[in-house]
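With this note's numbering applied, the sequence shown closes on residue 216, and no number is skipped along the way. First up is the structure itself, then whatever we jot down about it.
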Amino acid sequence: MSEKELRLNDLKQECINCHKCVLGNTRNNTVFSDGSCDAKIMLIGEAPGADEDATGTPFVGRAGKLLTKLMEETGLSRENDIYITNTVKCRPPENRVPSDEEKKLCENFLLKQIEIVKPKVIVLCGATSAKSFLGGKIKITRIRGKWYKLFGNIDATVILHPSFLLRKHSEEEGSERWLTKQDLLKIKEFISKV
Ligand code: URA
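See below:
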């Protein structure tokens, strides 16, 4: 096992034992990460849903399947090119948005994941994830596709959340799904150069 894997395993174990916030009382499983810790892309979603809580793996439900499909259609491998996690590691009951307090109490896991994985680009997936890093007053449809610097030097960009895309079926040029594919293609192009 690599040094990175060992450190992430220790962190995951700490996460499994965590009861710092109320989400720890109702979870079935903590949902720590999926994909490769050597990936150049780290994708950060909102929070686990029912399927993720049942399996312990992020983005495996309907939204996750759509995200995987869009990634693979643009030539990104979910398994090799992306390390996937969420702003909080436990499912909020009824799939509500995680509170600021829950995100704050879980932040240490996410910050350590970033420190260990050292991604070349962070993809903020959806409004909750984008707000966590870019501040509260953002409109996701306005900032998707834009690029930022996080922590002074890590490139980051924003994509629409696949749960939102599940309600938008068109793949026509200019549609939300089409725009998301363009955003993923830019990310793919970016990692080919770093
Ligand atoms: N939505 C998210 O934001 N994350 C998941 O893991 C699943 C659905």
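From the three backbone atoms N, C-alpha and C, an ideal C-beta is built for every residue, glycine too. Small disclaimer: the values here were computed from a predicted structure and weren't measured.
Inter-residue spacing [alpha-carbon to alpha-carbon] between residue i and residue j
i      : j      : result
GLU193 : TRP200 : 5 Å
ARG29  : LEU92  : 31 Å
ASP205 : ILE181 : 7 Å
GLY83  : GLN135 : 23 Å
ALA76  : ASN31  : 20 Å
ALA85  : GLY196 : 20 Å
CYS40  : LYS215 : 38 Å
ALA178 : VAL145 : 6 Å
PRO70  : GLU124 : 13 Å
GLU95  : CYS147 : 18 Å
GLY157 : GLY97  : 31 Å
THR150 : ILE66  : 10 Å
THR202 : ASN51  : 30 Å
Buried or exposed (CB count within 10 angstroms, at least 16 for buried), residue i
i      : result
LYS159 : exposed
ARG118 : exposed
SER24  : exposed
GLU101 : exposed
HIS183 : buried
ASP60  : exposed
ARG113 : buried
GLY57  : buried
GLU68  : buried
Residue i beta carbon near the ligand URA (any heavy atom closer than 7 Å)
i      : result
PRO120 : no
PHE81  : yes
GLU74  : yes
GLY148 : yes
ALA69  : yes
ASN108 : yes
SER185 : yes
VAL139 : no
VAL145 : no
VAL180 : no
ALA85  : yes
VAL53  : yes
Strand pairing of residue i, partner residues [DSSP]
i      : result
ILE106 : ASP56, LEU65
THR179 : VAL145, TRP169
Only counting runs of 3 or more residues, tell me where the beta strand (DSSP E) segments fall wholly within the stretch 118–177, in order along the chain. Runs found: 143–147, 169–172.
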